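S.K.: Would you mind keeping the following structure in view while I ask a few things?
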Amino acid sequence: LVQFVSLRQRILSAVQKNATRGDPRSVIRAIDQFCSQKEWAMNVGNEKGCILDSVVSEVNPATVLELGTYCGYSTVRIASLLPPYAKFITLEFNPDFAAVARQVIAWAGLEDKVQLVEGASSDWIPKIKEQFGIKTFDLVFLDHWKEHYLSDTKLMEECGLLRKGSVLLADNVICPGAPDYVEYVRSSPRYKSHYFRSHLEYTKAEENLWYLGIIE
Ligand SMILES: Nc1ncnc2c1ncn2[C@@H]1O[C@H](Cn2cc(CNC(=O)c3cc([N+](=O)[O-])cc(O)c3O)nn2)[C@@H](O)[C@H]1O
Ligand SMILES: [Mg+2]
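Quick note on numbering: the sequence shown equals residues 26 to 241 in the numbering used here.
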């Protein structure tokens, strides 16, 4: 029987074949090599990934939320930089991606640093406080469906999950783009925002990471 092997399975196989167990950097390198040499995939990639690393290191968050785990690439990057006491939740809607991400995170030896929760962000955001004992998030990384960036940010505000000083980092504000989100945060006095110029993962296309600091 010829088994159709999905892209996410091929990414996982590349990790298991080329990365060293327990070594997050080798997991990141294996995925970047596969996606730049073999097949494009929508991981945040190394160029934007380095910007993500610098924001995580600067914020040094005790609580982190990631929206859209995908194969766990950015999850591994973030988790490998967190202090030991940190609480990191990543939300993934698609059970097949969640299954691959769990194995990628485990290969990196980071399964104890992150809680992968399956389900839609809009369903889970209202339950986070009581389910995970988290008051507010120091850092949120948005990399899921671009149409949900704005609604989920408003939902996080309504659920009291954001405080003065919380940082939101959004991928893909240019490609595929999240224009309503950019418009909202730019016109809101609550946010001071700037963007990091970069390129779409594994390509030369212009892209930005959108950095948002909550100021009140
Ligand atoms: N509301 C949601 N709640 C939880 N998980 C979600 C939600 N929306 C999408 N996801 C999950 O994110 C994963 C990855 N994903 C991300 C996107 C949106 N991202 C992109 O479409 C994208 C597209 C490009 N691109 O086309 O060049 C580049 C990128 O960096 C991107 O993030 N769609 N699926 C998928 O497994 C999906 O189940
Ligand atoms: Mg993205």
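All C-beta atoms in this analysis are idealised placements derived from N, C-alpha and C, irrespective of residue type, glycine included.
All values derive from a computational prediction rather than experimental measurement.
(1) Measuring from each Cβ to the nearest heavy atom of ligand 2, keep the ones under 5 Å and list them in chain order.
(2) Tell me, please, which residues DSSP counts as bridged to T2.
(3) Counting C-beta neighbours from all protein chains within 10 Å, is the total for H219 16 or more, i.e. buried, or is it exposed?
(4) Just curious, the alpha helix (DSSP H) that H219 is in, first and last residue?
(5) Tell me which same chain residues have a C-beta within less than 6 Å of the C-beta of L186, skipping the five on either side of it?
(6) Regarding K189 and ligand 1, is the C-beta to nearest heavy atom distance less than 7 Å?
(7) Rank L234, L194, V101 and V142 by C-alpha distance to the C-alpha of G134 and give the top, closest one.
(8) According to DSSP, is F166 helix, strand or coil?
(9) Determine the burial state of T228: buried for a count of at least 16 other Cβ atoms within 10 Å of its Cβ, exposed for fewer.
(10) Across the stretch 111-120 and the stretch 67-84, are there enough close Cβ pairs to call them in contact, namely three or more that are closer than 8 Å?
(11) Which whole-angstrom value is the C-beta distance of I153 and Y98, which I expect to be below 8 Å?
(12) Would you call the CB atoms of R33 and D177 closer than 8 Å?
(13) Who are W65's beta bridge partners in DSSP?
(14) What are the boundary residues of the alpha helix (DSSP H) that includes V210?
(15) Comparing C-alpha positions only, which one of M181, E226, K138 and L164 sits nearest to G47?
(16) Quick check on the DSSP output: the beta strand (DSSP E) that includes N233 runs from which residue to which?
(17) Can you find a C-beta in chain D that's less than 8 Å from the C-beta of R54?
(18) Can you tell me whether N85 is buried or exposed? The criterion is at least 16 other CB atoms within 10 Å of its CB, across all chains shown.
(19) Under 8 Å, do K73 and S213 count as touching if we go by C-beta distance?
(20) What residues in its chain sit with their C-beta under 6 Å from that of L167, if we drop five residues either side in the sequence?
(21) Would the beta-carbon of A123 fall within 8 Å of that of L141?
(22) Going by C-alpha to C-alpha distance, which of D205, G70, K171 and E182 sits closest to I103?
M.R.: So, to answer that:
(1) D168, D196 and N197
(2) Outside the displayed span of the chain (26 to 241) sits residue 2, for which this structure offers no information.
(3) If you number the sequence shown from 1, residue 219 lands on position 194. The residue in question, H219, is exposed, as its Cβ has fewer than 16 Cβ neighbours within 10 Å.
(4) Looking up residue 219 in the sequence shown gives position 194. From DSSP, H219 is part of no alpha helix (DSSP H) but of the beta strand (DSSP E) over Y216 to H224.
(5) Here the question's residue 186 lines up with position 161 in the sequence shown. Closer than 6 Å at Cβ, skipping near neighbours: T161 and F162.
(6) The residue you call residue 189 lines up with position 164 of the sequence shown. Checking the Cβ of K189 against ligand 1 gives no.
(7) For the purposes of this step, residue 134 is taken as residue 109 along the sequence shown, with counting starting at 1. Answer by Cα proximity: V101.
(8) Translated into the one-based positions of the sequence shown, residue 166 becomes position 141. Strand.
(9) For this step, residue 228 is matched to residue 203 along the sequence shown. Label assigned to T228: exposed.
(10) no
(11) As a first step, residue 153 must be located in the sequence shown, where it is residue number 128. As a first step, residue 98 must be located in the sequence shown, where it is residue number 73. That pair is no contact at about 23 Å.
(12) As a position in the sequence shown, residue 33 is number 8, starting the count at 1. As a position in the sequence shown, residue 177 is number 152, starting the count at 1. Result no, Cβ atoms of R33 and D177 do not sit closer than 8 Å.
(13) Numbered from 1 along the sequence shown, position 40 holds the residue referred to as residue 65. The partner list for W65 (beta bridge, DSSP) is empty, contrary to what the question assumes.
(14) Position 185 of the sequence shown, counted from the first residue, corresponds to residue 210. Taken as a continuous stretch (DSSP letters only), the alpha helix (DSSP H) holding V210 covers P204 to S212.
(15) On the sequence shown, residue 47 is found 22 positions in, with the first residue counted as 1. Taking only the C-alpha atoms, the option nearest G47 is K138.
(16) Translated into positions along the sequence shown, residue 233 becomes position 208. Segment E231 to I239, the beta strand (DSSP E) holding N233.
(17) In the structure shown, chain D does not exist; there is a single protein chain.
(18) Taking the sequence shown and counting its residues from 1, the one referred to as residue 85 is at position 60. Result: exposed.
(19) Counting from one through the sequence shown, the residue named residue 73 turns up at place 48. Counting from one through the sequence shown, the residue named residue 213 turns up at place 188. No, the pair does not count as a contact, with Cβ atoms beyond the cut-off.
(20) Numbered from its first residue, the sequence shown carries residue 167 at position 142. Contacts found: L92, Y174 and A195.
(21) Locating residue 123 in the sequence shown gives position 98, counting from the first residue. Locating residue 141 in the sequence shown gives position 116, counting from the first residue. Cβ distance < 8 Å, so A123 and L141 count as in contact.
(22) Taking the sequence shown and counting its residues from 1, the one referred to as residue 103 is at position 78. With distances taken between Cα atoms, I103 lies closest to G70.
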